[in-house]
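Undergrad: Each residue of the sequence shown is one higher than the one before, starting from 89 at the first, in my numbering. Supplied in structure tokens, the structure appears directly below.
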Amino acid sequence: MGKKGLCRIKDILDSDVGTKKRDTMKFEILGVTPPEGQRWKIGRDEVNQLIAKNSIEIVDGKIKVAVYPDDEPSEILKPFWSHFEDCGTAETGKNTLNEVLNKKVGFDTVKPVDLISNLILHSTATDSEDIVLDFFAGSGTTAHAVMELNAEDGGTRQCISVQMPEVLAEDSEAYKAGYRTIADITRARIDKVIAKLKAEQPLTTQGLACAHFTLAPSNFKVWRSNVNDAATLRDQLALFQSAEKNRPAPQAADAQTAMLAELLLKNGLGALGVHAISKPKQIAGVTVHRVLLEDNRTLWLCFEPYTQALKDEMVKAQPAQVILLNSCFVGDQADELLANLQLELAGLEIGLTVI
Ligand SMILES: C[S@@+](CC[C@H](N)C(=O)[O-])C[C@H]1O[C@@H](n2cnc3c(N)ncnc32)[C@H](O)[C@@H]1O
């Protein structure tokens, strides 16, 4: 209730920090100035007009604007998706999620799949391999919508869903349903939609897959940038000799997969189905990961001790590029072995990266 009757009360304070800082928006209104770190959202002229219209209220010592029915804008603003008919509600979104997970998870901010699907349909080309990035993935509706749309129109859209591991409250439905973070829900939904589409359309969904990653320090010390002082830098450089962090030996399968995924991502080769892209093979007694490059030449990655026999196989196979670790070169002749290999491969125009 305002001085002139029924109204809506509007806050006019805003942050006065960083890019929002505006000295001109800090002045007295009816004897009240904005608190420290805050400022008015509206300027002096507009305030004077509101005072003249008797629309400024002081509520609990704070300046507010009273918006009376006559002040409301005449045109009804419609959400940008309002021209999409029948694209569901938050309620239908929630129901779809519970159905897919076959559990009640009480996730409130779920968007309806049809809405997201419509937005993607109108902003991507069917056969384009467009990448849809959802940086606030939540329950994973965007990935769900992309996969369903591709299944419907034979599209090749891709989707990157980013969700932080926001911890679920122990008394929440989702926690009682067995999930611990929102990211668990995102992952579960994506996997279940993949399984559902593969069951429904086995012929057209063979390649449907999702690679799940968690942000973590690099597998390679040379890429971990926690260098804050000279001493750490010296240590970092000294570690150059054996780049990988002291995880289980680089030969260990999970260490190799992690390093491989990171190297493929860093080389812009994507990492969906790491082993699908690179077929690990025993060559000269060591595991070599081979990646088919766009020019049909191959990239070889090897994390195990280097041998002359391996070099002979490289010379025979002529890969375009070879990636090895510093720690692959062991023994007294390590430097010499490396130098000889560099020379020989350069002569054969085979690229060599040693990390
Ligand atoms: C409104 S919800 C998204 C709901 C989603 N569209 C759906 O249909 O389920 C926003 C999500 O973004 C996540 N989030 C917020 N800040 C984030 C950040 N910096 N990085 C990754 N995720 C973030 C929150 O944890 C929350 O799950």
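Think of the CB as a built atom: it goes at the ideal place given N, C-alpha and C, for glycine as much as any other residue. Keep in mind it's a predicted model, so treat the numbers as computed, not measured.
#1: CB-CB under 6 Å to residue 344, same chain, minus the five flanking residues each way: which ones, in chain order?
#2: Could you tell me the alpha carbon to alpha carbon distance between residue 85 and residue 381, rounded to whole angstroms?
#3: Can you tell me whether residue 243 is buried or exposed, with buried defined as 16 or more other CB within 10 angstroms of its CB?
#4: Could you check what DSSP says for residue 439 in three-state terms: helix, strand or coil?
#5: Report the partner residues of residue 375 according to the DSSP bridge assignment.
#6: Counting pairs of beta carbons, one from the segment 178-187 and one from the segment 196-203, are three or more of them closer than 8 Å?
#7: What residue from 158, 425, 308 has the CA that sits closest to residue 354's CA?
#8: Under three-state DSSP, which class holds residue 294?
#9: Please confirm whether any heavy atom of ligand 1 lies closer than 6 Å to the CB of residue 199.
#10: So, are the CB atoms of residue 397 and residue 372 less than 7 Å apart?
#11: Can you give me the C-alpha to C-alpha distance between residue 110 and residue 236, rounded to a whole angstrom?
#12: Which value, in whole angstroms, describes the spacing of the CA atoms of residue 224 and residue 429?
#13: From residue 414 to residue 385, what distance separates their C-alpha atoms?
#14: Count Cβ pairs between the segment 238-255 and the segment 200-219 that sit closer than 8 Å; are there 3 or more?
#15: Taking all protein chains shown into account, do 16 or more other C-beta atoms lie within 10 angstroms of the C-beta of residue 232, making it buried, or fewer, making it exposed?
#16: Do you know how far the Cα of residue 89 is from the Cα of residue 141?
#17: Would residue 156 and residue 91 be called neighbours here (beta carbons separated by less than 7 Å)?
#18: Rank 410, 209, 145 by C-alpha distance to the C-alpha of residue 97 and give the top, closest one.
#19: Mapping DSSP to helix, strand and coil, what is residue 404?
#20: Can you tell me whether residue 250 sits near ligand 1, meaning its C-beta is under 6 Å from at least one heavy atom of the ligand?
#21: Going by the CB atoms, is the gap between residue 410 and residue 440 shorter than 7 Å?
#22: List the whole-angstrom C-beta distance separating residue 274 from residue 228, where the pair is believed to meet the contact cut-off of C-beta under 8 Å.
#23: Out of curiosity, what's the CA-to-CA distance linking residue 399 and residue 295?
#24: In the DSSP assignment, what residue or residues form a beta bridge with residue 127?
#25: Tell me whether residue 249 sits in a helix, a strand or coil according to DSSP, three-state version.
#26: Using 6 Å as the cut-off, classify the Cβ of residue 437 as near or not near the heavy atoms of ligand 1, replying yes or no.
#27: By Cβ distance below 7 Å, which residues in the same chain neighbour residue 185 in space, the five residues on each side in sequence not counted?
#28: Could you give the DSSP three-state label for residue 416: helix, strand or coil?
#29: How about residue 211: is its Cβ closer than 6 Å to a heavy atom in ligand 1?
#30: If you compare alpha carbons, which of 347, 420, 279 is closest to residue 189?
#31: Any heavy atom of ligand 1 closer than 6 Å to the Cβ of residue 177?
#32: Count the other CB atoms within 10 Å of the CB of residue 252; is the residue buried (16 or more) or exposed (fewer)?
#33: Should residue 271 go down as buried or exposed, given a rule of 16 or more other Cβ atoms within 10 Å for buried?
TA: According to the data block:
#1: As a working note, residue 344 is residue 256 in the sequence shown. Counting only Cβ-Cβ distances below 6 Å, and skipping sequence neighbours, we find 391.
#2: Absent from the structure is residue 85, since the part of the chain shown begins at 89 and ends at 443.
#3: On the sequence shown, position 155 is the one that residue 243 refers to. Buried.
#4: In the sequence shown, the residue the question calls residue 439 occupies position 351. In this structure, residue 439 counts as strand in the three-state DSSP scheme.
#5: Within the sequence shown, numbered from 1, the residue matching residue 375 stands at position 287. BP columns for residue 375 point to 370.
#6: yes
#7: The residue you call residue 354 lines up with position 266 of the sequence shown. Closest by alpha carbon: 308.
#8: For the purposes of this step, residue 294 is taken as residue 206 along the sequence shown, with counting starting at 1. Reduced to three states, the DSSP call for residue 294 is coil.
#9: Here residue 199 is taken as the residue at index 111 of the sequence shown, counted from 1. Result yes, Cβ under 6 Å from ligand 1.
#10: Residue mapping note: residue 397 aligns to position 309 of the sequence shown, counting from 1. Residue mapping note: residue 372 aligns to position 284 of the sequence shown, counting from 1. Taking 7 Å as the Cβ cut-off, residue 397 and residue 372 qualify as a contacting pair.
#11: For this step, residue 110 is matched to residue 22 along the sequence shown. For this step, residue 236 is matched to residue 148 along the sequence shown. Computed Cα separation, rounded: 47 Å.
#12: Here residue 224 is taken as the residue at index 136 of the sequence shown, counted from 1. Here residue 429 is taken as the residue at index 341 of the sequence shown, counted from 1. Cα-Cα distance, rounded: 47 Å.
#13: As a working mapping, residue 414 is identified with position 326 in the sequence shown. As a working mapping, residue 385 is identified with position 297 in the sequence shown. For residue 414 and residue 385, the distance between alpha carbons rounds to 24 Å.
#14: yes
#15: Locating residue 232 in the sequence shown gives position 144, where the first residue counts as 1. Per the 10 Å Cβ criterion, buried.
#16: Here the question's residue 141 lines up with position 53 in the sequence shown. Here the question's residue 89 lines up with position 1 in the sequence shown. Those two C-alpha atoms are separated by around 16 Å.
#17: If you number the sequence shown from 1, residue 156 lands on position 68. If you number the sequence shown from 1, residue 91 lands on position 3. No, they are not a contact pair.
#18: Position 9 of the sequence shown, counting from 1, holds the residue named residue 97. Residue 97 has its Cα closest to that of 145, out of 410, 209, 145.
#19: Position 316 of the sequence shown, counting from 1, holds the residue named residue 404. Residue 404: helix per DSSP, three-state reduction.
#20: Reading the sequence shown from its first residue, position 162 is the one you call residue 250. At least one heavy atom of ligand 1 is nearer than 6 Å to the Cβ of residue 250, so yes.
#21: Residue 440 sits at position 352 when you count from the first residue of the sequence shown. Residue 410 sits at position 322 when you count from the first residue of the sequence shown. Result yes, Cβ atoms of residue 440 and residue 410 sit closer than 7 Å.
#22: The residue given as residue 274 occupies position 186 in the sequence shown. The residue given as residue 228 occupies position 140 in the sequence shown. Indeed they touch by this definition, with Cβ atoms about 4 Å apart.
#23: In the sequence shown, residue 399 corresponds to position 311, counting from 1. In the sequence shown, residue 295 corresponds to position 207, counting from 1. Each residue's Cα considered, the two are about 34 Å apart.
#24: Locating residue 127 in the sequence shown gives position 39, counting from the first residue. Partner(s): 102.
#25: Position 161 of the sequence shown holds residue 249. DSSP places residue 249 in strand when its eight states are reduced to three.
#26: Within the sequence shown, the letter at position 349 stands for residue 437. No, the Cβ of residue 437 stays beyond 6 Å of every heavy atom of ligand 1.
#27: The residue given as residue 185 occupies position 97 in the sequence shown. Cβ within range, chain order: 193, 195, 198, 227, 277.
#28: As a working mapping, residue 416 is identified with position 328 in the sequence shown. Here residue 416 sits in helix by DSSP.
#29: Counting from 1 along the sequence shown, the entry for residue 211 is found at position 123. Not so, every heavy atom of ligand 1 lies at least 6 Å from the Cβ.
#30: Locating residue 189 in the sequence shown gives position 101, counting from the first residue. That would be 279, whose Cα lies nearest to the Cα of residue 189.
#31: Here the question's residue 177 lines up with position 89 in the sequence shown. Outside the cutoff, so no.
#32: Translated into positions along the sequence shown, residue 252 becomes position 164. Exposed, because fewer than 16 other Cβ atoms sit within 10 Å of the Cβ of residue 252.
#33: Looking up residue 271 in the sequence shown gives position 183. Answer is buried; the Cβ neighbour count reaches 16.
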